[in-house]
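Take a look at the structure below.
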Amino acid sequence: MDHRERFYATIERRPVDRPASWLGLPDPQAVPGLLRHFNVSSLDGIREAIEDDLYPVELPYHSPTADAIYMAFDFAGKGHIDPAHRTLNSPGVFQDVTDPARVDDFDWPDPARYISREECRDVVNRVLP
0 MDHRERFYAT
10 IERRPVDRPA
20 SWLGLPDPQA
30 VPGLLRHFNV
40 SSLDGIREAI
50 EDDLYPVELP
60 YHSPTADAIY
70 MAFDFAGKGH
80 IDPAHRTLNS
90 PGVFQDVTDP
100 ARVDDFDWPD
110 PARYISREEC
120 RDVVNRVLP
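Numbered per numbering that gives the first Met the number 0, the sequence shown spans residues 0 to 128.
So, in structure tokens, the structure goes:
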């Protein structure tokens, strides 16, 4: 089976030749230990060593408050977001909100302003085969 066949067979609960693997996006503090363990010099090296079946593609995102799509929402209301301390819950702008209509009060970022299609294509084109 190739990676794609294994992935689809796994989610469709069909037989596979081996369990599908997904390294994902490891915590940055874990990366040096993983590199040493697999005796490689990059995350792509780990992905090759474990025959990773899923390749995460981080969507390039650049706004005044964040440089990663997973930090696009300044729910904490603190300006520039520190990746190690980002929050998707309280404390923050929705901390004491009980009315769902208040979601419209948040200054939601416009993805078209902060995401470059060309940059996204470049990232996808660099994915391992």
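From the three backbone atoms N, C-alpha and C, an ideal C-beta is built for every residue, glycine too.
Computed from a predicted model, the values in this text were never measured in an experiment.
* Report the residue ranges of all alpha helix (DSSP H) runs contained in full by the region 39–76; include only those spanning at least 4 residues, in chain order. => 42–48
* To do: Look up F37 in the DSSP assignment and say whether it is helix, strand or coil.
  => Looking up residue 37 in the sequence shown gives position 38. In this structure, F37 counts as helix in the three-state DSSP scheme.
* **For W107 and P14, the rounded distance between their alpha carbons** => Position 15 of the sequence shown, counted from the first residue, corresponds to residue 14. Position 108 of the sequence shown, counted from the first residue, corresponds to residue 107. About 43 Å.
* Using the rule of at least 16 other Cβ atoms within 10 Å of the residue's Cβ for burial, across every protein chain shown, is P60 buried or exposed? -> For the purposes of this step, residue 60 is taken as residue 61 along the sequence shown, with counting starting at 1. Looking at the sequence itself, residue 60 is Tyr, so the reference to Pro does not match. Buried is the call here.
* Does DSSP classify R125 as helix, strand or coil? -> Walking along the sequence shown from the start, residue 125 turns up at place 126. In the structure shown, R125 sits in coil (DSSP, three-state: anything other than H, G, I, E or B).
* Could you tell me which of R112, P90 and Y69 sits nearest to K77, measuring between CA atoms? => Indexing the sequence shown from 1 puts residue 77 at position 78. When only C-alpha atoms are compared, the closest one is P90.
* To do: Would you kindly work out how many angstroms separate the C-alpha atoms of A100 and D66, rounded to a whole number?
  => For the purposes of this step, residue 100 is taken as the residue at position 101 of the sequence shown. For the purposes of this step, residue 66 is taken as the residue at position 67 of the sequence shown. Their backbone Cα atoms lie some 28 Å apart in a straight line.
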